[in-house]
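Participant: Take the sequence shown: its letter number 758 is residue 758 in UniProt numbering, and every next letter is one higher.
We put the CB at the ideal spot given by N, CA and C, even for glycine.
Fair warning: this is a prediction, and the values are worked out from it, not measured in the lab.
Take a look at this one; I'll ask things after.
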Amino acid sequence: MSVVGFDIGNENCVIAVSRQRGIDVLLNEESQRETPAVICFGEKQRFLGSAGAASATMNPRSTISQVKRLIGRNYGDPDVQKDLEMLPFETSPALDGSILVHVKYLGETHTFTPVQIMAMLFAHLRDVAEKNLGAPFSDCVIGIPSYFTDLQRRLYSNAAAIAGLKPLRLMHDCTATALSYGIYKADISNKGPIYVAFVDIGHCDTQVSIVSFEPGHMSMMSHTFDSDLGGRDFDELLFSHFVAEFKKNYDIDVNSNVKASIRLRAACEKLKKVLSANLEAPLNIECLMDEKDVKGFIKREEFEKLAAGLLERISVPCTRALADAGLTVGRIHSVELVGSGSRIPAITRLLASVFKKEPSRKLNASECVARGCALQCAMLSPVFRVREYEVQDSSPFSIGFSSDAGPISLGSHNVLFPKGQHIPSTKVLSFHRNSLFHLEAFYTNLDDLPPGMSPKIGCFTIGPVEGSNNSNSNVRIKVRVQLNLNGIVTVESATLVEDNIDEQIPRRDATHSNTENMETEFVDFSHYECDVSRKVRSTRRIDIPVSEHIYGGMTKAELSKAQQRELQLAQQDKNMEQAKNEKNALESYVYEMRNKLFNTYRSFASDQEREGIFSSLQQTEEWLYEDGDDETESAYASKLDDLKKLVDPVINRYEDEEARAQAKKHLLKRISYGDSISPQIRASILEECDRAEQWLTETSQQQELLPKNTDPLLWSSEIRTREDDFDKTCQRILGQPVSSHTHSGDSEEPNHHNSTDNHS
Numbered sequence: 001m002s003v004v005g006f007d008i009g010n011e012n013c014v015i016a017v018s019r020q021r022g023i024d025v026l027l028n029e030e031s032q033r034e035t036p037a038v039i040c041f042g043e044k045q046r047f048l049g050s051a052g053a054a055s056a057t058m059n060p061r062s063t064i065s066q067v068k069r070l071i072g073r074n075y076g077d078p079d080v081q082k083d084l085e086m087l088p089f090e091t092s093p094a095l096d097g098s099i100l101v102h103v104k105y106l107g108e109t110h111t112f113t114p115v116q117i118m119a120m121l122f123a124h125l126r127d128v129a130e131k132n133l134g135a136p137f138s139d140c141v142i143g144i145p146s147y148f149t150d151l152q153r154r155l156y157s158n159a160a161a162i163a164g165l166k167p168l169r170l171m172h173d174c175t176a177t178a179l180s181y182g183i184y185k186a187d188i189s190n191k192g193p194i195y196v197a198f199v200d201i202g203h204c205d206t207q208v209s210i211v212s213f214e215p216g217h218m219s220m221m222s223h224t225f226d227s228d229l230g231g232r233d234f235d236e237l238l239f240s241h242f243v244a245e246f247k248k249n250y251d252i253d254v255n256s257n258v259k260a261s262i263r264l265r266a267a268c269e270k271l272k273k274v275l276s277a278n279l280e281a282p283l284n285i286e287c288l289m290d291e292k293d294v295k296g297f298i299k300r301e302e303f304e305k306l307a308a309g310l311l312e313r314i315s316v317p318c319t320r321a322l323a324d325a326g327l328t329v330g331r332i333h334s335v336e337l338v339g340s341g342s343r344i345p346a347i348t349r350l351l352a353s354v355f356k357k358e359p360s361r362k363l364n365a366s367e368c369v370a371r372g373c374a375l376q377c378a379m380l381s382p383v384f385r386v387r388e389y390e391v392q393d394s395s396p397f398s399i400g401f402s403s404d405a406g407p408i409s410l411g412s413h414n415v416l417f418p419k420g421q422h423i424p425s426t427k428v429l430s431f432h433r434n435s436l437f438h439l440e441a442f443y444t445n446l447d448d449l450p451p452g453m454s455p456k457i458g459c460f461t462i463g464p465v466e467g468s469n470n471s472n473s474n475v476r477i478k479v480r481v482q483l484n485l486n487g488i489v490t491v492e493s494a495t496l497v498e499d500n501i502d503e504q505i506p507r508r509d510a511t512h513s514n515t516e517n518m519e520t521e522f523v524d525f526s527h528y529e530c531d532v533s534r535k536v537r538s539t540r541r542i543d544i545p546v547s548e549h550i551y552g553g554m555t556k557a558e559l560s561k562a563q564q565r566e567l568q569l570a571q572q573d574k575n576m577e578q579a580k581n582e583k584n585a586l587e588s589y590v591y592e593m594r595n596k597l598f599n600t601y602r603s604f605a606s607d608q609e610r611e612g613i614f615s616s617l618q619q620t621e622e623w624l625y626e627d628g629d630d631e632t633e634s635a636y637a638s639k640l641d642d643l644k645k646l647v648d649p650v651i652n653r654y655e656d657e658e659a660r661a662q663a664k665k666h667l668l669k670r671i672s673y674g675d676s677i678s679p680q681i682r683a684s685i686l687e688e689c690d691r692a693e694q695w696l697t698e699t700s701q702q703q704e705l706l707p708k709n710t711d712p713l714l715w716s717s718e719i720r721t722r723e724d725d726f727d728k729t730c731q732r733i734l735g736q737p738v739s740s741h742t743h744s745g746d747s748e749e750p751n752h753h754n755s756t757d758n759h760s
């Protein structure tokens, strides 16, 4: 059994698997280690991953890429609009302000949410993994950016569920990278922690984390990011530069042509990679648009001047990560640079100036997140035994709660889970209520969130409350709130605690104490009482129902509907693939039989048969390239069956000629065994041998008189049947079983050996 880790990048995805021998990165259908994060909708089926990327240029309007950027985002967000301007597919706002994607499929316009598109990608990656593993699976760990909000994390989990996956954890990218680094690092001493900075520059974002490593333990000290700074921004600089240059030199506006824009962006990405290893690089594109070939040229120095503003932005999350971790540059042991956008030499020089040491590239820049996720999945799975290694992650945001009566006073800034809080973490809130009430969860510091993200998380309804009307009772409601392993806020449970009392003594009502297995117990001071305290006589606990409403989240009904729709789409893809396979089988059969009919099978078919078969093959070929170009699986299968009915008799004659010779040889060999039979039964056996030999001689002579292009008078199956009858008769005469491969005289040898063994 295997457990899987997924790194879902903005441009490419990587699948890693934990096996007994270690961590492997799986290859896709094109034997590539990275799978494009692309979904293309054709006329009748979807093309996913590599197939989708191959179809992108031909069908740009129905090709969806970079969907990771759209999960949980608001359509009106200026940053979202900036992203959508670079993407060729059609979008519109939903009623709740989220994003809808429109594509042409099955002859009409279909609408999908980014979650549904992401689920299609997850389903494809699951299929790739299952083909490699040879078995189905569901347990996995999925890498996510640290800047994902509660809503985005929930929607990622929903997308995985739609695809039939069961995420054991959503793991921050830098946490996964740190795990794949730290678990194998053997030079960590017991003298104290070492601090390592991880800088992950991806296709669309930059993430920085400071991690503390000790033997058998790692702890995330800070998560910082720039959610709009990645490798594609450097590509876009080159794209804008050459758009202006081509407009000046060739009088063409690349921005006005979708296909030309896609081709130029792809060329600029390749050019950036060339500049990483060379001081200058040319750009040549044939027939970019208006039947014009274009040429360009740029030096690395010029490129770095264009990118100066972007390079300066990279230092911001680095210095903020150090500040959040409370460390100086001098305490950083090393800097690990990863990510698909990290190969630009100027970035390496910038990080060296920020951290006062040269960045290291010990990890595989593209695979480290997937490997770390696979390791974590193995650690969480009960199937694998992994050496003890503690992974302590932290929350990148501060989270607060408020009740119907206003903010819940929880100390400084009313924060329940402060930024940097270890996850998972559980806290308990106590309320003096006797009726239904609501709790609101929200992010307390907007500056920590990515631009354009809402601070609202969700509303949790506690109740209805069914308590006692006894005036001599003290009623409290304890609400257990968790920031779980995925960084998602949930209300785990609510319990009504009713203390029945009989004697009054002075006391303070509000308490602030530590509770077993919980971090802190807080009290809602909006219903503060300070008159009296009563001696507890008996306590009753009642579970209270809890319901949640996540702003922008999916309901159970929506999730179920999305799962059904994905199953329908997958079945349509399967039907189309099966139809293609049947069509290919029919086409191959036509070509193969036409060739063999005039070569291998020529002497086994009459002239009339050859003409009839050839005519049918010709008609089938014409049908394939005309009316039958786009037919159903059953139509192709029916055509193939019709051809086989004509051709199979010829094939049977051809195959039976060789089989008949072998059967005759074998029967003659069996008949010759009669020469070694004991004298007592020799006469009876010889009579059977003569009878069988006479039958074979007579039927063989009659068969040799027939031409090859007619059905045989003597089939190989008849000879085998005659041989079986001969064996049964001989066995009956001998009174003991006879092996089909040894004569009767040898059958007594095993008994002789057995008696010798027993005697000894």
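#1: Tell me whether Arg33 sits in a helix, a strand or coil according to DSSP, three-state version.
#2: Write down the C-beta distance between Ala692 and Leu667 rounded to the nearest angstrom, noting that I regard them as a contact closer than 8 Å.
#3: Count the other C-beta atoms from every protein chain shown that fall within 10 angstroms of the C-beta of Met289, then say buried if there are 16 or more, exposed otherwise.
#4: Would you identify the three-state DSSP class for Pro358, choosing helix, strand or coil?
#5: Select from Leu100, Thr426 and Asn474 the residue whose C-alpha is nearest the C-alpha of Val481.
#6: Closest to Ile260 by CA distance: which of Gln572, Phe246, Thr175 and Lys272 is it?
#7: Among the residues of its own chain, which have a CB less than 7 Å from the CB of residue 762, if the five just before and after it don't count?
#8: Which whole-angstrom value describes the C-beta separation of Val67 and Arg73, a residue pair presumed to lie in contact below a C-beta threshold of 8 Å?
#9: Per DSSP, what kind of secondary structure is Lys104 in: helix, strand or coil?
#10: Do the stretch 215-223 and the stretch 233-250 make contact, defined as three or more Cβ pairs closer than 8 Å?
#11: Counting pairs of Cβ atoms below 8 Å between the stretch 171-190 and the stretch 33-44, do you hit three or more?
#12: Identify the continuous alpha helix (DSSP H) that holds Leu84 and give its terminal residues.
#13: Report yes if the C-beta distance between Leu380 and Ile423 is below 7 Å; otherwise report no.
#14: Looking at residue 765: is its Cβ nearer than 7 Å to the Cβ of Arg265?
#15: Identify, in the order they occur along the chain, each residue of the same chain with its Cβ nearer than 6 Å to the Cβ of residue 765, setting aside the five sequence neighbours on each side.
#16: Based on the DSSP output, what are the partners of Asn284 in its beta bridges?
#17: Does DSSP put His172 in a helix, in a strand, or in coil?
#18: Looking only at C-alpha atoms, which of Phe225, Glu582, Asn581 and Phe431 sits nearest to Pro450?
#19: In chain order, what residues of the same chain lie with their CB nearer than 7 Å to the CB of Cys373, ignoring the 5 residues before and after it?
#20: Do Phe122 and Ala94 count as a contact pair if the criterion is CB distance below 7 Å?
#21: Could you tell me which of Tyr156, Pro114 and Tyr591 sits nearest to Ser92, measuring between CA atoms?
#22: Rounded to the nearest angstrom, what separates Glu119 and Ser212 at their Cα positions?
#23: Given a cut-off of 7 Å, decide if Leu279 and Leu311 are closer than it, judged by their beta-carbon atoms.
#24: Can you tell me the Cα-Cα spacing of Asp139 and Ser18, whole angstroms?
#25: Measure the beta-carbon distance from Ser340 to Gly9 and round it to whole angstroms, keeping in mind my assumption that it falls under 8 Å.
#26: For Pro93, does the three-state DSSP call read helix, strand or coil?
#27: Can Thr14 and Glu30 be called in contact, C-beta distance under 7 Å?
#28: For the ligand ATP, any of its heavy atoms closer than 6 Å to the Cβ of Val354?
#29: If contacts are defined as beta-carbon pairs under 8 Å, then Leu643 and Thr620 qualify, I think. What distance do you get, rounded to the angstrom?
#30: Find the nearest neighbour of Cys368 within the set Lys708, Tyr184 and Asn158, judged by alpha-carbon distance.
#31: Any idea what DSSP makes of Leu337, helix, strand or coil?
#32: Buried or exposed: where does Pro545 fall if 16 or more other Cβ atoms within 10 Å of its Cβ makes it buried?
#33: Could you tell me which residues DSSP puts in a beta bridge with Val546?
#34: Note down the Cα distance separating Thr632 from His102, rounded to an integer number of angstroms.
#35: Taking Cβ positions, are Ile462 and Ala494 nearer each other than 7 Å?
#36: What is the rounded straight-line gap between the Cα of Ile314 and the Cα of Arg331?
Facilitator: So, to answer that:
#1: Correct three-state label for Arg33: coil.
#2: So it is a contact: roughly 7 Å between Cβ atoms.
#3: Classification of Met289: buried, given that the 10 Å Cβ count is 16 or more.
#4: One point to set straight first is that residue 358 is Glu, not Pro, in the sequence displayed. DSSP places Glu358 in coil when its eight states are reduced to three.
#5: When each option's Cα is compared against that of Val481, the closest is Thr426.
#6: The amino acid occupying residue 260 in the given sequence is Ala; Ile does not appear at that position. Per the Cα distances, Phe246.
#7: The structure shown does not extend to residue 762, since the chain is modelled only from 1 to 760, so the question has no answer here.
#8: The beta carbons of Val67 and Arg73 sit about 10 Å from each other, so the pair does not count as a contact at 8 Å.
#9: Strand at Lys104.
#10: Inter-segment contact for the stretch 215-223 and the stretch 233-250 is absent: fewer than three beta-carbon pairs are separated by less than 8 Å.
#11: The stretch 171-190 and the stretch 33-44 do not touch, with fewer than 3 CB-CB distances between them shorter than 8 Å.
#12: Leu84 -> alpha helix (DSSP H) spans Pro78 to Met86.
#13: If you check the CB distance, Leu380 and Ile423 do not come in under 7 Å.
#14: Shown here, the chain extends from 1 to 760; a query on residue 765 therefore has no answer.
#15: What is shown of the chain runs 1 to 760, which leaves residue 765 out entirely.
#16: The partner list for Asn284 (beta bridge, DSSP) reads Lys295.
#17: Strand at His172.
#18: Taking each of Phe225, Glu582, Asn581 and Phe431 in turn and checking the Cα distance to Pro450, the smallest one comes out for Phe225.
#19: Same-chain partners within the cutoff: Gly5, Phe6, Asp7, Ala16, Val141, Ile142, Gly143, Met171 and Ala176.
#20: No, Cβ-Cβ distance for Ala94 and Phe122 is not below 7 Å.
#21: The shortest C-alpha separation from Ser92 is found at Pro114.
#22: Contrary to the premise, residue 119 reads as Ala rather than Glu in this sequence. Rounded to the nearest angstrom, the two C-alpha atoms are 35 Å apart.
#23: Contact: no.
#24: Roughly 11 Å between the two C-alpha positions.
#25: Indeed they touch by this definition, with Cβ atoms about 7 Å apart.
#26: DSSP places Pro93 in strand when its eight states are reduced to three.
#27: Sequence inspection shows Val at residue 14; the Thr mentioned does not correspond to that position. No.
#28: The ligand ATP is absent from the structure shown, which contains no ligand whatsoever.
#29: The Cβ separation is near 6 Å, so the contact holds.
#30: If we check each option's Cα against that of Cys368, Tyr184 comes out closest.
#31: In the structure shown, Leu337 falls within a strand segment according to DSSP collapsed to helix, strand and coil.
#32: Flag for Pro545 reads exposed.
#33: The bridge partners DSSP lists for Val546 are Ile462.
#34: About 27 Å.
#35: Yes, these two residues count as a Cβ contact at 7 Å.
#36: In a straight line, the C-alpha of Ile314 is about 20 Å away from that of Arg331.
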